[in-house]
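Visitor: After the structure tokens below, expect a handful of questions from me.
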Amino acid sequence: MKTINEKLIDQIIKNRTLLIIGLDTIKNKIPKINKNIDVLSYNKEIVNKTYHLVIGYKINTSFYEFLGPLSYQIIKETIKFGKKLDKNLLFFADAKIAEIGEGVNNLIKKYYDFLGFDYLMMTPWFGYDSFEEILKDKNRGISIYIHDSNPSAKEIQDLKLENKQFLFEYLAYLVKNNWDKNDNIIYEAASTYKEKLKIVRKVLGEEKIILTSGIGTQGGRVEDLKGLFGKDKKRLIVSISRSICFPQEIYKEKNKNKIFDIIQKKAKEYREKINQIAYE
């Protein structure tokens, strides 16, 4: 049986893409095109128009969980809908979470078994105890936050250690050499800190998969990813959210179908631009 990371590479090859779309859907940002368009139907429309252009979708769970029990229905139905279109689509839970002890088993039950995610994005603050049980199953993926996109990330992640490494740099080294044994870990490092992203790639080498975010609305540029795509140009995957799902052009359009055509066009443009930078 293939590992989850091998399945990810297969999806890159099949769809000729390095793109992930972030479904960070906010109800009050949905264009007022139809009173029946809610968060779930908006997600489904985007997935229906873009599933052939992407590796999969990243869902920031905080954008949903404040809705209470309804949030789980929206997430489950979004994933179910995507998997029906393409069973090989991968879904990433952008949960920014960590647990220890029995709590880890509860994360497995919630994110993998109940909601249906393929990757859980986790913080490493508690060390290996948070990951050991999850990593036993090569079909469960974990994305570990190494260096994030927000402005204050550097307050902690850029601290210098006695060995002269940055804290995030040591973390990448630790995970690669001590935890990453079953080909089911990927590493999150944001494009908004391009020099730090380069350091992460240097530490990890060409084989490991990096998930980068921050392109578009947060100020990251596709051009800054040049030279960072790793082995076969297939080891850097790019998550883009608002610049695809909520481009300014959609708010001038009154026709529902045309709105999702615009979103599809944005996804195509980003896919091609990323591929161009990767392979030039």
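Position 184, counted from 1, in the sequence shown is what numbering that gives the first Met the number 0 calls 183; the numbers after and before it change by one each time, with no gaps.
Heads up, the beta-carbon is just placed ideally off N, CA and C, and yes, glycines get one too.
The model shown is predicted, which means the values in this text are computed figures rather than measured ones.
#1: Do you know whose CA, among Tyr-278, Asn-59, Pro-246, lies nearest Ile-73's CA?
#2: Which of the three DSSP states is assigned to Tyr-192 in this structure?
#3: Below 8 Å, can you find three or more Cβ-Cβ pairs linking the region 48 to 62 to the region 88 to 99?
#4: Can you tell which of Asn-176, Lys-225, Asn-177, Gln-156 has the C-alpha that lies nearest to the C-alpha of Phe-167?
#5: Roughly how many whole angstroms lie between the Cα atoms of Lys-193 and Lys-135?
#6: Whose C-beta lies closer than 6 Å to the C-beta of Ser-240 among residues of the same chain, with five residues either side of it excluded?
#7: For Ala-277, tell me which candidate among Leu-18, Tyr-144, Tyr-111 has the shortest Cα-Cα distance.
#8: So does the region 74 to 87 actually touch the region 110 to 117, counting three or more Cβ pairs closer than 8 Å?
#9: Can you give the Cα-Cα distance for Phe-245 and Lys-267, rounded to whole angstroms?
#10: Mind reading off the beta-carbon distance from Ile-184 to Ile-143? Whole number of angstroms is fine, and I expect it under 8 Å.
#11: Would you mind working out which of Ile-261, Asn-14, Asn-256, Ile-133 sits nearest Asp-179, comparing C-alpha positions?
#12: Using the C-alpha atoms, what's the distance from Ile-261 back to Lys-195?
#13: Would the beta-carbon of Arg-220 be found less than 8 Å away from any heavy atom of the ligand MG?
#14: Taking Ser-238 as part of the beta strand (DSSP E), name the residues at either end of that continuous run.
#15: Which of helix, strand or coil does DSSP assign to Glu-187?
#16: Roughly how many angstroms separate the alpha carbons of Ala-189 and Met-121, rounded to a whole number?
#17: Among Gly-215, Ile-11, Asn-87, Val-174, which residue has its Cα nearest to the Cα of Lys-230?
#18: Relative to the C-alpha of Leu-173, which residue among Val-38, Lys-82, Gly-126 is closest?
Guide: Straight from the coordinates:
#1: Counted from its first residue, the sequence shown places residue 73 at position 74. Taking each of Tyr-278, Asn-59, Pro-246 in turn and checking the Cα distance to Ile-73, the smallest one comes out for Asn-59.
#2: Sequence index remark: in the sequence shown, residue 192 carries index 193 (1-based). Tyr-192 falls in the coil class under three-state DSSP.
#3: Contact between the region 48 to 62 and the region 88 to 99 is present, because at least three Cβ pairs lie under 8 Å.
#4: To locate residue 167, count along the sequence shown from 1; it is residue 168. It is Gln-156.
#5: Reading the sequence shown from its first residue, position 194 is the one you call residue 193. Reading the sequence shown from its first residue, position 136 is the one you call residue 135. Their Cα atoms are separated by approximately 32 Å.
#6: If you number the sequence shown from 1, residue 240 lands on position 241. Hits under 6 Å: Gly-21, Asp-23.
#7: Here residue 277 is taken as the residue at index 278 of the sequence shown, counted from 1. Checked all of Leu-18, Tyr-144, Tyr-111; the closest Cα to Ala-277 is Leu-18.
#8: Because the criterion of three Cβ pairs below 8 Å is met, the region 74 to 87 and the region 110 to 117 touch.
#9: Taking the sequence shown and counting its residues from 1, the one referred to as residue 245 is at position 246. Taking the sequence shown and counting its residues from 1, the one referred to as residue 267 is at position 268. If I take the Cα positions, the gap works out to 15 Å.
#10: Along the sequence shown, one-based indexing puts residue 184 at 185. Along the sequence shown, one-based indexing puts residue 143 at 144. That belief holds up - the Cβ atoms of Ile-184 and Ile-143 are roughly 6 Å apart, short of 8 Å.
#11: Along the sequence shown, one-based indexing puts residue 179 at 180. The shortest C-alpha separation from Asp-179 is found at Ile-133.
#12: The sequence position of residue 195 within the sequence shown is 196, counting from 1. The sequence position of residue 261 within the sequence shown is 262, counting from 1. So the alpha carbons of these two residues sit roughly 33 Å apart.
#13: This structure simply doesn't include the ligand MG, nor any ligand for that matter.
#14: Residue numbering aside, residue 238 sits at position 239 when the sequence shown is read from its first letter. Boundaries of the beta strand (DSSP E) harbouring Ser-238: 235 to 239, taken from the DSSP string.
#15: Reading the sequence shown from its first residue, position 188 is the one you call residue 187. In the structure shown, Glu-187 falls within a strand segment according to DSSP collapsed to helix, strand and coil.
#16: In the sequence shown, residue 189 corresponds to position 190, counting from 1. In the sequence shown, residue 121 corresponds to position 122, counting from 1. Using only the alpha carbons, I get a separation of about 15 Å.
#17: In the sequence shown, the residue the question calls residue 230 occupies position 231. Closest option to Lys-230, Cα to Cα, is Ile-11.
#18: If you number the sequence shown from 1, residue 173 lands on position 174. When only C-alpha atoms are compared, the closest one is Gly-126.
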